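See below for the structure under consideration.
4 protein chains.
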Amino acid sequence: MLVVMESHATPHQIGAVVEAVRGMGLTPHPLPGATRTAIGITGNTGAVDPRALALLPGVFELIRVTKPFKLAGREMHPEDTVVLAGPTRIGPKTFTLICGPCSVENEEMILRTAEFLVQRGVKLMRAGAFKPRTSPYSFQGLGLDGLTILTKARQRTGIGIVTELMDTDNADAVEQAADVIQIGARNMQNFSLLKRVAKSKRPVLVKRGMAATLEELLMAAEYVMAGGNYEVVLCERGVRTFADHTRNTLDLSIIPPAKRLSHLPIIADPSHGTGNRDYVPSMALAALAAGADGLLLEVHPDPARAMSDGAQSLDYAMFDALLASLKRMADTVGVQIN
Amino acid sequence: MLVVMESHATPHQIGAVVEAVRGMGLTPHPLPGATRTAIGITGNTGAVDPRALALLPGVFELIRVTKPFKLAGREMHPEDTVVLAGPTRIGPKTFTLICGPCSVENEEMILRTAEFLVQRGVKLMRAGAFKPRTSPYSFQGLGLDGLTILTKARQRTGIGIVTELMDTDNADAVEQAADVIQIGARNMQNFSLLKRVAKSKRPVLVKRGMAATLEELLMAAEYVMAGGNYEVVLCERGVRTFADHTRNTLDLSIIPPAKRLSHLPIIADPSHGTGNRDYVPSMALAALAAGADGLLLEVHPDPARAMSDGAQSLDYAMFDALLASLKRMADTVGVQIN
Amino acid sequence: MLVVMESHATPHQIGAVVEAVRGMGLTPHPLPGATRTAIGITGNTGAVDPRALALLPGVFELIRVTKPFKLAGREMHPEDTVVLAGPTRIGPKTFTLICGPCSVENEEMILRTAEFLVQRGVKLMRAGAFKPRTSPYSFQGLGLDGLTILTKARQRTGIGIVTELMDTDNADAVEQAADVIQIGARNMQNFSLLKRVAKSKRPVLVKRGMAATLEELLMAAEYVMAGGNYEVVLCERGVRTFADHTRNTLDLSIIPPAKRLSHLPIIADPSHGTGNRDYVPSMALAALAAGADGLLLEVHPDPARAMSDGAQSLDYAMFDALLASLKRMADTVGVQIN
Amino acid sequence: MLVVMESHATPHQIGAVVEAVRGMGLTPHPLPGATRTAIGITGNTGAVDPRALALLPGVFELIRVTKPFKLAGREMHPEDTVVLAGPTRIGPKTFTLICGPCSVENEEMILRTAEFLVQRGVKLMRAGAFKPRTSPYSFQGLGLDGLTILTKARQRTGIGIVTELMDTDNADAVEQAADVIQIGARNMQNFSLLKRVAKSKRPVLVKRGMAATLEELLMAAEYVMAGGNYEVVLCERGVRTFADHTRNTLDLSIIPPAKRLSHLPIIADPSHGTGNRDYVPSMALAALAAGADGLLLEVHPDPARAMSDGAQSLDYAMFDALLASLKRMADTVGVQIN
């Protein structure tokens, strides 16, 4: 923390800040500059919140220096984390595809999609049994029946299951059905839910909230890790901006700084990011080029009849074309499609 | 819904869209224009999702016409709603103050604050027993003990309690302690939580999410109302933008359109909105002038020692000064401070 | 400037930064902390740009401490500035109305509006002769003929003229016609234009750019002041956000920090801010309550026939109603409508 | 245009809108729906602005259907445009690199950089003689002397010059020195400047404004094209959002919709987009993968001593490494590095 004093701050005011810092058990370092004094603070191991210093007379502003994440940060853990995700793993040198329909609609389409994906070498299927919908009148997912269908797909095809958990009430059921538990963008700061999955043995995929900074995304991961679950995958899925040419603004530029600050894998979701299946292939390739560790992709046997998100779902032929492009590019950049 | 065709769309493509609309049980109205054809769709009572029409050849874009909210909308309910909130009410012709510390820190400060507020005529106290904190290492609130303290404050002083519910696990306990259940900004689209409070007998205060549109805020209210609880208060508390002169950007300009589109009361939270107590009085007065139905205000006996959000909390003297200004302005605009 | 080192930075790397700072003629102050070292830099009077320090090995990030504005800042000039604007002044204890149509459409409507405004005690009229329009096919303003009409209105009624300058080519002409030169939001960082009006004897009204921070707005004012023109009025007119309930998001919460950081007057434009005349009165009153020094208001004799921005223009009756409300509120908050 | 009536609109109000549309010379098409009537309008060739219909009683909102761009739109010009840019061309099947320092600092560094680039096969050099700087106290560029240096570099090495024009005063001089005239992000809606370059024989590179929608970017191009200059290149360079992990948010997802709506080439500027040279290579590769037609890249012989933007400039070794990666990826996606 750095306390910046007003340029007209009196020596008495500066002294009072110095005293207050000492009173917190921290060490003040006054730096008299050309126009004003700043006071560096060292010795804080996190137990003290020095933000109330802003209320002292003569203080212009506080500037935070230390990053608040620890377990999610690369400084404490320089090696890239590899997350074990059912039949496969997510992490360096691989590019993991997690594909499937938005929702579990019925058994037939899930089994058919699982078989299609396995045939293409995809090892993880996404599909929601519990659906967070903006409207209470929209299809809310099949719930527990959806989980049963997913379990059957796993048993039949060996594909791993990535599915969303929306509340602690269904945590046990989702845990049993899922190889990876997904926390949706709207729940990224549902801290009760994060604390619950922190106690799970399943890896957790945390989607970035629509207005979340990188630091907040890492703090969501920190909640899971602080509770004892170190298997966390980050996911960029588009943020809210003024731009209206896509449904959300897919912020691929979070990937390099996420990799700099954290050791956790990060994947991208171009389906939700763009909201338009015509734009998905370009952004999927861009995510790979930008250094993402994988993709969350909506693939549906018949998008025009999808119960949700049809407009952003690839059909099988579009997926096959994209997969071929991804494979060529993966060879070029030296990673393995997974 | 309006389907806009590409300018080069063929008669065959237009015909296929018309057929598809009919196939959904809806009525198509082709409108041949100077450069392109648009196809209006009528007859949709909400059961059909025509968005998949976007996937048909020759379609340029879909434009949604109907608003998705019903119960929260003013068209279905032209009269302003009055919400009964413990010892008082929130709604037209009154300006309701909901004041208190960010967190329940201990019994002494809560009782003291409750007495102070009651003495000033304030009828509702806010204070969090469960605290959504960005960091797992920050103070997370006193939990059930905090609720016990709030209940004692209510018993002693008669003040009504507004407190946050973070998860369904604690719903019964919060319901018992609270006169109004608060849903925080981070949980505005925690649909499981919304469905739970929809079954409550307590009114619900829904804070706008940091990236929520007005429509999404109204749809969060719709979730509560669709479940049978019609007592909903909206709250603007600042959104995320590029602007960095305040902690969030308090969007007071949501108040007139919210009142146009909805019959629900809407209040403002200038404490979270600005994050700086020096800016709170100006924005509190502006909220009153803009037509808000009340305020959520952080007031603390000793902000410099607050366990959370001290920098945005008014002390008692600042609150008294603001209250005097609010009263003068309320007289001018013809509402009653409550 | 504060240089934050990585937690694993070596003593050698820290030493290299210290040396580099000295090599720039500045003074380094190493602050060894619990997890990392930070290096404060003092002695910079603005001539040196130490940002390239970010490129040195072991540097985690740079944090800027000093504000870049000088002349526009309150620290160098604690007293509020009063700007002389034709027949009146803009500044503390007054609330100045600048009203009129979006564009100069013809002589009749300008003379009529000027007379109407003068009758109501308004001393400044706004109207554009040069119009920045998103489309090249839209009405672009009457140009020099428009200025002639404005000059006639001033001669006949004594009203002061506020009108926009879009380029240096027309600077002389606008200067002659205008009592206050307006720089539009789209030109807030048109630095050539700012340098030109810095040489003018007319006061300058600088509208905040659609994505401008408060600091950038003050730096635009600084351009004008650094060139020798100290008469600058700031104007909040709405910024771009994801919110779609208003045309722009009118950020009234910039007013208190602008007044804290700067001595310049700041006014608000609720017409452009909301884009909807039904919302203008609420936001006009809120701007007054928030501490603004005045308003830029679109008023048109017949909004339904306006050549631009009719939907956000008040007609005369709506203006009269708003004026009455503003007067009552101004009495309450102790300022004079001007 | 679609006029959406309130659900309680009377037949009389609907009739009045229908009459008003006819009075504008347009054709109304009433569409009575389940909850409300909408009125489609056809026949508008652009001469009439029907937005004032919003002021009629019973109107809920207007929804615009037609896109305002014509010349820049793909519907009027299905073929991709190829822009002739000095010694090369920008357009389909090629990926054009425009590299060089932020500013022309002196002759030596420009000549050295030009030679370096030519040796690597780069055909266009970027460097600013006129620099838009946020602070009036920062280095503002060498001006006309800078243009002379650029001309010398072109004469010596044959490299094409891309340089920024900030105002009409210097238009002739920049035109003479430049093979491509750059319009900076801050001037994207400086319409006087756009009208001036519309009369130039040089192609124009228009950078997206920091808060510009795709439609506004295309309308900026439309200004240039409507004036007679059809050689326009679009450039994504990052927009303003709440995200703070990069200097701006590089919005690569604009590329597919830009290509859908327009025939103009679009390139990306990862240097300004990220503000951090460590992130530039990832985002450069992602831009290529996303379908961009080229890059604007800051390359400097000694970034640590750059007079501006050193932190985001690649040094020669970093550029060589990136070029090798770009070449491999270009082979994969089937375009030619240019």
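Chains as they are written, first to last, in this note's numbering: chain A, 1 to 338; chain B, 1001 to 1338; chain C, 2001 to 2338; chain D, 3001 to 3338.
Note that CB positions come from ideal geometry on N, CA and C, so glycine has one too.
Note that the structure is predicted; figures quoted are calculated from it, not measured.
Inter-residue spacing [alpha-carbon to alpha-carbon] between A/Pro30 and C/Gln2013 | The residue you call residue 30 of chain A lines up with position 30 of the first sequence. The residue you call residue 2013 of chain C lines up with position 13 of the third sequence. Going from the Cα of A/Pro30 to the Cα of C/Gln2013 covers about 23 Å.
A/Ile161 touches chain D at which residues, Cβ-Cβ below 7 Å?
-> By 1-based counting over the first sequence, the position of residue 161 of chain A is 161. Residues of chain D passing the Cβ test: none, with the nearest at roughly 29 Å.
Please confirm if D/His3245 has its CB atom under 8 Å from at least one CB of chain A.
-> On the fourth sequence, position 245 is the one that residue 3245 of chain D refers to. Output row for D/His3245: interface = yes.
In chain D, which residues lie less than 7 Å from B/Ser1007 when you measure between Cβ atoms?
-> On the second sequence, residue 1007 of chain B is found 7 positions in, with the first residue counted as 1. By Cβ distance, chain D contributes Glu3075.
Taking C-alpha atoms, which residue in C/Val2233, C/Ala2178, C/Ala2185, C/Val2004 lies nearest to C/Leu2422?
-> Residue 2422 of chain C falls outside the range modelled here, since chain C spans only 2001 to 2338, and no answer is possible.
Answer with yes or no whether the minimum CB distance from A/Ala268 to chain B is below 8 Å.
-> What you label residue 268 of chain A is simply residue 268 of the first sequence in a count that begins at 1. Judged by the 8 Å Cβ criterion, A/Ala268 is not in contact with chain B.
N- and C-terminal bounds of the beta strand (DSSP E) containing A/Leu71 | Position 71 of the first sequence, counted from the first residue, corresponds to residue 71 of chain A. Careful: A/Leu71 lies outside any beta strand (DSSP E) and carries neither H nor E.
What are the boundary residues of the beta strand (DSSP E) that includes D/Glu3079?
-> For this step, residue 3079 of chain D is matched to residue 79 along the fourth sequence. Premise fails: D/Glu3079 is in no beta strand (DSSP E) and is neither H nor E.
Applying a beta-carbon distance threshold of less than 7 Å, which residues of chain A neighbour C/Asn2276?
-> Translated into positions along the third sequence, residue 2276 of chain C becomes position 276. Under the 7 Å cutoff, chain A gives no residues; its nearest Cβ is about 18 Å from C/Asn2276.
Please state whether DSSP places B/His1029 in a helix, a strand or coil.
-> Position 29 of the second sequence, counting from 1, holds the residue named residue 1029 of chain B. If DSSP states are grouped into helix, strand and coil, B/His1029 belongs with the strands.
Closest by C-alpha distance to B/Ser1200, when choosing among B/Leu1165, B/Gln1189, B/Leu1214 = Position 200 of the second sequence, counted from the first residue, corresponds to residue 1200 of chain B. Closest option to B/Ser1200, Cα to Cα, is B/Leu1165.
Using a Cβ-Cβ cut-off of 7 Å (strictly less than) and excluding sequence neighbours within five positions of D/Glu3115, which residues of its own chain qualify?
-> Taking the fourth sequence and counting its residues from 1, one reaches residue 3115 of chain D at position 115. Answer for D/Glu3115: Thr3157, listed in chain order.
Can you give the Cα-Cα distance for C/Leu2252 and C/Ala2268, rounded to whole angstroms?
-> The residue you call residue 2252 of chain C lines up with position 252 of the third sequence. The residue you call residue 2268 of chain C lines up with position 268 of the third sequence. Between C/Leu2252 and C/Ala2268, the C-alpha separation is close to 8 Å.
Could you say which of B/Asp1302, B/Asp1320, B/Ala1321 lies nearest to B/Gln1312 if we only look at CA atoms?
-> Taking the first residue of the second sequence as 1, we reach residue 1312 of chain B at position 312. Residue B/Asp1302 holds the alpha-carbon nearest to the alpha-carbon of B/Gln1312 among B/Asp1302, B/Asp1320, B/Ala1321.
Between which two residues does the beta strand (DSSP E) carrying C/Thr2010 extend?
-> Indexing the third sequence from 1 puts residue 2010 of chain C at position 10. Looking at the DSSP string, C/Thr2010 is not in any beta strand (DSSP E), and its letter there is neither H nor E.
So who's on the other strand from A/Lys207, going by DSSP bridges?
-> Position 207 of the first sequence, counting from 1, holds the residue named residue 207 of chain A. DSSP, once it has assigned bridges, lists A/Cys235 as partnering A/Lys207.
Proximity winner among B/Gly1143, B/Glu1222, B/Glu1216, B/Leu1296, relative to B/Lys1195 (alpha-carbon distances) = Numbered from its first residue, the second sequence carries residue 1195 of chain B at position 195. With respect to the C-alpha of B/Lys1195, the residue from B/Gly1143, B/Glu1222, B/Glu1216, B/Leu1296 having the closest C-alpha is B/Glu1222.
Could you tell me which chain A residues have their CB closer than 7 Å to the CB of C/Gly2242, listed as they occur along the chain?
-> In the third sequence, residue 2242 of chain C corresponds to position 242, counting from 1. Note on identity: in this sequence residue 2242 of chain C is Phe, with Gly being the wrong assignment. In chain order: Arg240, Thr241, Phe242.
Proximal residues, the stretch 3284-3310 of chain D versus chain A, C-beta separation under 8 Å = Answer in chain order: Leu3285, Ala3286, Ala3287, Leu3288, Ala3289, Ala3290, Gly3291.
B/Met1001 CB to nearest chain C CB: under 8 Å?
-> Taking the first residue of the second sequence as position 1, residue 1001 of chain B is located at position 1. No - not a single Cβ of chain C is within 8 Å of the one on B/Met1001.
Just checking, does the stretch 1114-1130 of chain B make contact with the stretch 1171-1191 of chain B on the three C-beta pairs under 8 Å criterion?
-> Verdict: yes, contact present.
Within 8 Å (strictly less), CB to CB, does A/Gly43 reach chain C?
-> Start at 1 with the first residue of the first sequence, and residue 43 of chain A comes out as number 43. Output row for A/Gly43: interface = yes.
Look at the alpha carbon of A/Leu55 and the alpha carbon of A/Thr37, and state the distance between them as a whole number of angstroms.
-> Here residue 55 of chain A refers to the residue found at position 55 of the first sequence. Here residue 37 of chain A refers to the residue found at position 37 of the first sequence. One alpha carbon belongs to A/Leu55, the other to A/Thr37, and they sit about 17 Å apart.
D/Thr3163: which of D/Ala3211, D/Cys3099, D/Gln3189 sits nearest, CA to CA?
-> For the purposes of this step, residue 3163 of chain D is identified with residue 163 of the fourth sequence, where counting begins at 1. Ranking the options by Cα distance to D/Thr3163, first place goes to D/Cys3099.
Residue(s) in a DSSP beta bridge with A/Gln140 = For the purposes of this step, residue 140 of chain A is identified with residue 140 of the first sequence, where counting begins at 1. None, per the DSSP bridge assignment.
Buried/exposed call for C/Gly2294, threshold 16 Cβ in 10 Å | Taking the third sequence and counting its residues from 1, one reaches residue 2294 of chain C at position 294. C/Gly2294 comes out buried.
How about A/Leu142: is its C-beta nearer than 8 Å to some C-beta of chain B?
-> Position 142 of the first sequence holds residue 142 of chain A. Cβ-Cβ to chain B under 8 Å: no for A/Leu142.
Could you tell me whether the stretch 312-325 of chain A touches the stretch 273-290 of chain A, where touching means 3 or more Cβ pairs closer than 8 Å?
-> Taking a cut-off of 8 Å for Cβ pairs, the stretch 312-325 of chain A and the stretch 273-290 of chain A touch, as three or more such pairs fall below it.
For B/Ile1063, which residues in chain D fall below 8 Å Cβ to Cβ?
-> Looking up residue 1063 of chain B in the second sequence gives position 63. Under a criterion of Cβ atoms nearer than 8 Å, the residues of chain D adjacent to B/Ile1063 are, in order, Leu3002, Ile3063, Val3065.
Within chain B, the residues that C/Gly2273 reaches when beta carbons sit closer than 7 Å = The residue labelled residue 2273 of chain C in the question sits at position 273 within the third sequence. Within chain B, the residues near C/Gly2273 are Ser1253.
CB contact check: B/Gly1040 to chain D, cutoff 8 Å | Residue 1040 of chain B sits at position 40 when you count from the first residue of the second sequence. For B/Gly1040, the closest Cβ of chain D is nearer than 8 Å.
Use the C-beta contact count for D/Gln3336: other C-beta atoms within 10 angstroms, 16 or more gives buried, fewer gives exposed.
-> As a first step, residue 3336 of chain D must be located in the fourth sequence, where it is residue number 336. The residue in question, D/Gln3336, is exposed, as its Cβ has fewer than 16 Cβ neighbours within 10 Å.
Any idea what DSSP makes of C/Met2307, helix, strand or coil?
-> Along the third sequence, read from residue 1 onward, the residue named residue 2307 of chain C stands at position 307. Looking at C/Met2307 - three-state DSSP - the assignment turns out to be coil, as it is neither helix nor strand.
With distances taken Cα to Cα, identify the nearest neighbour of A/Asn170 among A/Leu53, A/Ala129, A/Ser103.
-> Taking the first sequence and counting its residues from 1, the one referred to as residue 170 of chain A is at position 170. Checking every option, the nearest Cα to that of A/Asn170 belongs to A/Ala129.
How many whole angstroms separate the CB atoms of A/Lys207 and A/Arg247, which I take to be in contact at a CB cut-off of 8 Å?
-> Reading the first sequence from its first residue, position 207 is the one you call residue 207 of chain A. Reading the first sequence from its first residue, position 247 is the one you call residue 247 of chain A. That belief does not hold up - the Cβ atoms of A/Lys207 and A/Arg247 are roughly 14 Å apart, past 8 Å.
Measure the Cβ-Cβ separation of C/Gly1963 and C/Pro2265 and say whether it is below 8 Å.
-> Because chain C spans 2001 through 2338 in this model, residue 1963 of chain C falls outside it and cannot be assessed.
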